[in-house]
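*Asks:* Residue numbers (this note's numbering): 842 to 935. Each residue gets a CB set at the ideal place from its N, CA and C atoms; glycine is no exception. Treat the numbers as computed from the prediction; the structure is a model and nothing was measured.
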Amino acid sequence: PYTPINLNASMQADEQILFQDEFNEERTPDYHSLFIHYEKRYNLRRSNIILFFEIWNTYNRENVETYFYSRVNKDIGEIVYFSTIPVAGLGIEF
C-alpha cells in the first residue's frame, strides 16, 4: 500500500505532499516476475562442481514499488523494481 500524493499541493510547495487522511489507502499494480534457473552438476570423487545460470524478471515486467513527486517534471513518477538481470555462477561442494 501507499499514501497518494497531492499533486497540486506538491507543485505549490515544490516538494512531495501526501494526502494525510488517506494513509496507505492506495495499492500499487499487482507484482509479477518470472525467475528461471538452470544448473548442471559434475560429481567428482570428493566434491561436486555446480555451474548455474539464472534470468531474473525474465520478461522484463516493470513492477511499481512506489510513487514519488518529481520536482523536475512537476509530476508524479514511478519507482520500479529491477529489469531483466542475467546471473551466472560456479559452486563447489565438499
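Hey, quick one: how far does the alpha helix (DSSP H) through leucine 859 stretch, first residue to last?
*Replies:* Counting along the chain, leucine 859 falls outside any alpha helix (DSSP H), and DSSP gives it neither H nor E.
*Asks:* Which of the three DSSP states, helix, strand or coil, is assigned to serine 911?
*Replies:* strand
*Asks:* Measuring CB atoms only, is the region 847 to 867 touching the region 887 to 901, in the sense that at least three cross pairs come out at less than 8 Å?
*Replies:* In this structure the region 847 to 867 does not lie against the region 887 to 901, because fewer than three pairs of beta carbons, one per stretch, are closer than 8 Å.
*Asks:* Identify whether asparagine 904 lies in helix, strand or coil by the three-state DSSP scheme.
*Replies:* coil
*Asks:* Can you grab the Cα-Cα spacing for the pair isoleucine 933 / tryptophan 897, in whole Å?
*Replies:* 23 Å
*Asks:* Compare the C-alpha of valine 921 against each of Tyr872, Ile877 and Asn884 and name the closest.
*Replies:* Tyr872
*Asks:* Could you pull the start and end residues of the alpha helix (DSSP H) that leucine 848 belongs to?
*Replies:* 848 to 854
*Asks:* Taking the DSSP output, what are the residues bridged to leucine 892?
*Replies:* Lys881 and Leu931
*Asks:* When you compare only the Cα positions, how much space is there between glutamate 880 and serine 924?
*Replies:* 22 Å
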